[in-house]
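Here's the structure, in structure tokens; my notes come after.
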Amino acid sequence: MTAASATRWTRKDLLGIAELFPEEIALILDTAESFSEIAERPIKKVPTLRGKTVLNLFFEASTRTRSSFEIAEKRLSADNINFSTSGSSLEKGETLVDTALNLQAMAPDLVVIRHGAPGVPQMLAERIEAGVINAGDGAHEHPTQALLDAFTIRRHKKRIAGLRVAIIGDIEHSRVVRSNIHLLTKMGASVVVGGPRTLMPVEMEKMGVDVAYSLHEAVRDADVVMMLRVQLERQGRMAFPSVREYFQLFGLTTERLKGAKDDVIVMHPGPMNRGVEIASEVADGPISVILEQVAHGVSVRMAILYLLSGVHDEVA
Amino acid sequence: MTSLPTLLIHGGRVVDPSQDLDGRYDVLLEDGAVAKIDGRIARPKGAQAIDAGGLVVTPGLIDMHVHLREPGQEYKETVRTGAMAASAGGFTAVACMANTVPANDSRSITEHILLEARRAGFARVHPIGAVTKGLEGQELTEMGEMVRAGAVAVSDDGKPVMNAELMRRALLYARHFDIPVIQHAEDLNLSAKGVMHEGEWSTRLGLAGIPGSAEDVMVARDLLLTEDTGGKYHVAHLSTARSLDLVRWGRSRGLNVTCEVTPHHLLLTDEEVARTKFSTCCKMKPPLRSERDREALVQGLADGSIDCIASDHAPHHPDEKDVEFNAAPFGILGLETTLSLCLDRLVRPGILTLSRLVELLSTGPARILNLPAGTLKPGSPADLSLFHLEDEVTILAAQFRSKSRNTPFDGWTLHGRPVTTIVGGREVALG
Numbered sequence: 144m145t146a147a148s149a150t151r152w153t154r155k156d157l158l159g160i161a162e163l164f165p166e167e168i169a170l171i172l173d174t175a176e177s178f179s180e181i182a183e184r185p186i187k188k189v190p191t192l193r194g195k196t197v198l199n200l201f202f203e204a205s206t207r208t209r210s211s212f213e214i215a216e217k218r219l220s221a222d223n224i225n226f227s228t229s230g231s232s233l234e235k236g237e238t239l240v241d242t243a244l245n246l247q248a249m250a251p252d253l254v255v256i257r258h259g260a261p262g263v264p265q266m267l268a269e270r271i272e273a274g275v276i277n278a279g280d281g282a283h284e285h286p287t288q289a290l291l292d293a294f295t296i297r298r299h300k301k302r303i304a305g306l307r308v309a310i311i312g313d314i315e316h317s318r319v320v321r322s323n324i325h326l327l328t329k330m331g332a333s334v335v336v337g338g339p340r341t342l343m344p345v346e347m348e349k350m351g352v353d354v355a356y357s358l359h360e361a362v363r364d365a366d367v368v369m370m371l372r373v374q375l376e377r378q379g380r381m382a383f384p385s386v387r388e389y390f391q392l393f394g395l396t397t398e399r400l401k402g403a404k405d406d407v408i409v410m411h412p413g414p415m416n417r418g419v420e421i422a423s424e425v426a427d428g429p430i431s432v433i434l435e436q437v438a439h440g441v442s443v444r445m446a447i448l449y450l451l452s453g454v455h456d457e458v459a
Numbered sequence: 013m014t015s016l017p018t019l020l021i022h023g024g025r026v027v028d029p030s031q032d033l034d035g036r037y038d039v040l041l042e043d044g045a046v047a048k049i050d051g052r053i054a055r056p057k058g059a060q061a062i063d064a065g066g067l068v069v070t071p072g073l074i075d076m077h078v079h080l081r082e083p084g085q086e087y088k089e090t091v092r093t094g095a096m097a098a099s100a101g102g103f104t105a106v107a108c109m110a111n112t113v114p115a116n117d118s119r120s121i122t123e124h125i126l127l128e129a130r131r132a133g134f135a136r137v138h139p140i141g142a143v144t145k146g147l148e149g150q151e152l153t154e155m156g157e158m159v160r161a162g163a164v165a166v167s168d169d170g171k172p173v174m175n176a177e178l179m180r181r182a183l184l185y186a187r188h189f190d191i192p193v194i195q196h197a198e199d200l201n202l203s204a205k206g207v208m209h210e211g212e213w214s215t216r217l218g219l220a221g222i223p224g225s226a227e228d229v230m231v232a233r234d235l236l237l238t239e240d241t242g243g244k245y246h247v248a249h250l251s252t253a254r255s256l257d258l259v260r261w262g263r264s265r266g267l268n269v270t271c272e273v274t275p276h277h278l279l280l281t282d283e284e285v286a287r288t289k290f291s292t293c294c295k296m297k298p299p300l301r302s303e304r305d306r307e308a309l310v311q312g313l314a315d316g317s318i319d320c321i322a323s324d325h326a327p328h329h330p331d332e333k334d335v336e337f338n339a340a341p342f343g344i345l346g347l348e349t350t351l352s353l354c355l356d357r358l359v360r361p362g363i364l365t366l367s368r369l370v371e372l373l374s375t376g377p378a379r380i381l382n383l384p385a386g387t388l389k390p391g392s393p394a395d396l397s398l399f400h401l402e403d404e405v406t407i408l409a410a411q412f413r414s415k416s417r418n419t420p421f422d423g424w425t426l427h428g429r430p431v432t433t434i435v436g437g438r439e440v441a442l443g
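If you read the protein sequences in the order shown, they are chains W and A. Counting from 144, one number per residue, gives the positions in the first sequence under the numbering used here. Counting from 13, one number per residue, gives the positions in the second sequence under the numbering used here.
Structure follows, in structure tokens:
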């Protein structure tokens with residue numbers, strides 16, 4: 144066991160990367176390593192969370208993240224219940240606080256929540272005893288995605304410190320970018336964000352990153368290029384004139400990766416818009432690790448569920 | 013009605029910027045008016061007395077920007093509870109905004125508010141009429157009738173007057189009644205779905221931002237219209253450094269422009285949203301701005317560019333505020349925190365003199381609204397505020413007279429607290 148992972152997990156919740164210490168991040172990643180071999184077994188199930196109840200609460204559509212959590216929970220033998228609804232709780236007539244109190248009454252051990260409004264996992268965590276895992280809150284944080292991204296980077300590069308990571312696309316609406324910035328900078332990587340000026344939030348550099356307004360500039364010397372999904376459904380606000388022009392300016396092609404390091408890897412949190420932010424030749428090419436990210440998502444989420452469930456204390 | 017007692021307030025430190033007074037004086041009140049101020053006044057036979065030793069005595073404080081929610085949203089606040097909150101906070105008068113349900117866009121609603129205020133007592137209530145019918149930004153209201161009924165200004169506050177031509181006509185028409193048009197300066201296309209100031213913290217938190225320019229472009233536009241119309245223009249809750257510069261520019265051109273700032277924009281910044289982990293008591297319009305803006309506002313208070321402090325007291329029921337940050341209504345309370353906050357955070361550190369604070373909380377708003385108040389000159393209405401400068405007080409929202417609890421200052425311990433108010437020569441008794 145490395146010195147960095149000698150720390151113990153003491154938090155009730157995983158709400159964001161912003162509040163984590165590097166040692167805690169390393170602990171999750173190291174724990175995920177030990178869970179990753181389960182996926183290779185013929186019987187992909189361990190009894191670790193037997194008798195624990197996990198609620199998956201999705202207020203926003205999600206296929207990948209929700210399935211990933213479900214598989215992680217099932218492989219740990221937890222009992223899981225899925226609750227999904229589109230729209231806010233207010234539209235249903237029940238306030239989020241009432242939803243939280245009702246959930247608490249069912250005494251779950253862990254609640255996984257995705258919601259369109261920043262701060263909702265925090266709000267829930269303050270009101271229920273169960274551990275809360277943020278599975279994405281608006282454009283705020285998506286900590287499990289950043290952790291699985293880091294896990295994937297570490298697998299390929301054997302380290303995070305010292306790497307140059309370019310994150311490119313719709314920065315404004317992306318929770319993935321915010322969690323990744325926190326994680327990568329805490330772990331010693333250097334981060335550049337790139338994208339159209341109309342999708343770049345103000346004062347971005349205060350998050351400790353470089354800002355580039357061209358793809359060419361952003362990918363220069365990058366060890367890792369992470370493309371973000373263009374949230375086409377959010378483009379009513381005049382952010383760019385057409386998908387066609389977006390691809391011309393910011394779509395990743397093999398040709399445009401030339402300024403990056405020779406051993407660059409390309410990532411994408413999904414779901415991809417092929418031909419918008421990324422060309423298929425890159426997405427399906429040898430430097431793409433996009434499907435590995437998905438596979439690692441299960442291991443990382445198993446590690447998080449395990450650490451937050453407190454079972455490591457119970458057996459200790 | 014029983015006749016008013018003669019009242020002698022003796023031994024206090026009288027601060028009245030309208031007469032350049034700051035010292036130990038006795039104040040004699042007769043028939044609801046100030047009769048005399050002198051170093052020592054013998055208690056007239058039969059007069060009641062208030063020992064103001066150790067207290068500050070000032071012209072009655074006026075909060076020219078409050079929401080009393082009546083008619084229509086009495087579950088948030090009523091004229092009565094709002095007037096009680098005013099008195100508890102050291103104010104003798106408030107001016108209430110027109111965004112009630114229905115809006116105060118007619119004589120009958122203005123009269124209704126005044127009737128409820130008379131029934132309530134506690135503080136004077138000056139209604140502000142709407143600029144446009146139903147606050148819809150389409151047609152001007154019957155301002156003349158509302159002014160005759162007692163309205164002191166017009167404003168669509170809560171919403172801006174977006175249509176420039178309508179704003180131009182409002183500034184022109186309001187001149188007939190010598191009342192200010194109070195603008196909630198917000199370009200709705202720029203503020204869009206924003207819920208906090210656009211800056212480092214909206215970026216970090218992933219919340220939609222409201223750029224400072226949403227306010228600035230509106231103030232700039234309105235100043236040009238004020239110049240063209242010769243109108244009387246007042247900027248409500250001014251919140252950015254650049255808007256303040258624009259007001260200075262307008263003044264340098266001789267325009268009739270005034271502005272107010274709120275205590276929360278003077279004391280808090282956008283970082284508070286992150287520090288409190290998305291507390292909805294940090295959500296209001298305009299939003300808490302950057303530290304640079306905050307510093308500029310404090311500077312504007314000290315150098316005289318800002319005419320008054322107003323709280324934008326905006327009650328919301330706890331159920332409405334206890335929701336996701338994005339879903340919560342905009343607005344926080346102010347009546348029961350403003351005086352202590354200003355005394356502790358502005359006067360105590362020496363940013364403002366006590367006299368300047370009284371100007372900002374009394375003389376200034378009285379002048380803007382053309383009220384016979386804000387002074388203790390003999391013959392003036394006997395409205396006074398008495399407060400303690402040094403006493404420690406802890407803000408406890410649970411004990412507010414207001415019906416609502418939405419304050420970001422809950423639990424703050426401050427020096428300086430309101431003690432009592434006198435309205436029309438009578439000491440206000442809070443039940």
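Where a beta carbon is used, it is the ideal one built from N, C-alpha and C, also for glycine.
- Interface annotation, T215 (chain A): in contact with chain W, CB-CB separation under 7 Å.
- When rounded, the separation of the alpha-carbon atoms in D366 (chain W) and R209 (chain W) is 29 Å.
- Counting of Cβ neighbours within 10 angstroms places A248 (chain W) among the exposed residues, the total staying below 16.
- For the alpha helix (DSSP H) assignment, the uninterrupted runs of no fewer than 4 residues enclosed by the region 241-295 of chain A are, from N- to C-terminal side, 253-264, 275-279, 283-287.
- Annotation: M381 (chain W) is outside any beta strand (DSSP E) and is labelled neither H nor E by DSSP.
- Setting aside the 5 residues that flank it on each side, E272 (chain W) is surrounded in the same chain by Q247, each with a C-beta closer than 7 Å to its C-beta; the list follows chain order.
- Taking a C-beta cut-off of 8 Å against chain W, the contacting residues of the region 329-342 of chain A are D331, D334, V335, E336, F337, N338, A339, listed in chain order.
- For Q195 (chain A), the three-state secondary structure derived from DSSP is strand.
- For E210 (chain A), the neighbours in chain W by C-beta distance under 7 Å run, in chain order, V345.
- Chain W places a beta carbon closer than 7 Å to that of F290 (chain A), counting this residue as a contact.
- The three-state reading of DSSP puts T328 (chain W) in helix, counting H, G and I together.
- Boundaries cannot be given for F412 (chain A), as no beta strand (DSSP E) includes it and DSSP labels it neither H nor E.
- About 5 Å separates the CB atoms of P275 (chain A) and T350 (chain A); that is less than 8 Å, so the two are in contact.
- For N245 (chain W), there is no enclosing beta strand (DSSP E); the enclosing alpha helix (DSSP H) covers residues 239-248.
- Residue environment: R429 (chain A) is assigned as buried (16 or more neighbouring CB atoms within 10 Å of its CB, all protein chains considered).
- Contact check for S414 (chain A) against P341 (chain A) fails: the beta carbons are separated by 7 Å or more.
- At a cut-off of 7 Å between beta carbons, L219 (chain A) contacts chain W.
- The three-state reading of DSSP puts S225 (chain A) in helix, counting H, G and I together.
- When CB distances to chain A are screened at a threshold of 8 Å, not a single residue of the region 323-340 of chain W falls below it.
- Between the region 417-432 of chain A and the region 389-407 of chain A, the count of Cβ pairs shorter than 8 Å is three or higher; the stretches touch.
- Shown here, Q391 (chain W) sits in a helix according to DSSP, grouped into three states.
- Interface with chain A (7 Å Cβ-Cβ cutoff): H283 (chain W) is included.
- Taking the Cα of E216 (chain W) as reference, the smallest distance to any Cα among W:H299, W:V254, W:R399 is reached at W:V254.
- Within the region 233-262 of chain W, contact with chain A at the beta-carbon level (separation under 9 Å) is assigned to L233, T238, L239, V240, H258, G259, A260, P261, G262.
- Here K244 (chain A) is buried: its Cβ has 16 or more other Cβ atoms, across all protein chains shown, within 10 Å.
- The beta-carbon separation of V166 (chain A) and V137 (chain A), rounded to 16 Å, does not stay under the 8 Å limit for a contact.
- Here DSSP, grouped into helix, strand and coil, assigns A361 (chain W) to helix.
- For K349 (chain W), the nearest CB of chain A lies under 7 Å from its own CB, placing it at the interface with that chain.
- Nearest to A129 (chain A) by C-alpha distance, out of A:V91, A:V27, A:L219, A:G266, is A:V91.
- For H299 (chain W), no beta strand (DSSP E) segment is defined; the enclosing uninterrupted segment is the alpha helix (DSSP H) at 286-300.
- Residue contact with chain A for R321 (chain W): present (Cβ-Cβ distance below 7 Å to some residue of chain A).
- Between the alpha carbons of P56 (chain A) and V69 (chain A) lies a distance of about 20 Å.
- The beta-carbon of Q374 (chain W) is placed no less than 7 Å from the nearest beta-carbon of chain A.
- Under the Cβ distance rule, Q288 (chain W) does not count among the residues neighbouring chain A, no pair being separated by less than 7 Å.
- Under DSSP, no beta-bridge partner is assigned to K171 (chain A).
- Counting only the Cα atoms, R207 (chain W) lies some 24 Å from L170 (chain W).
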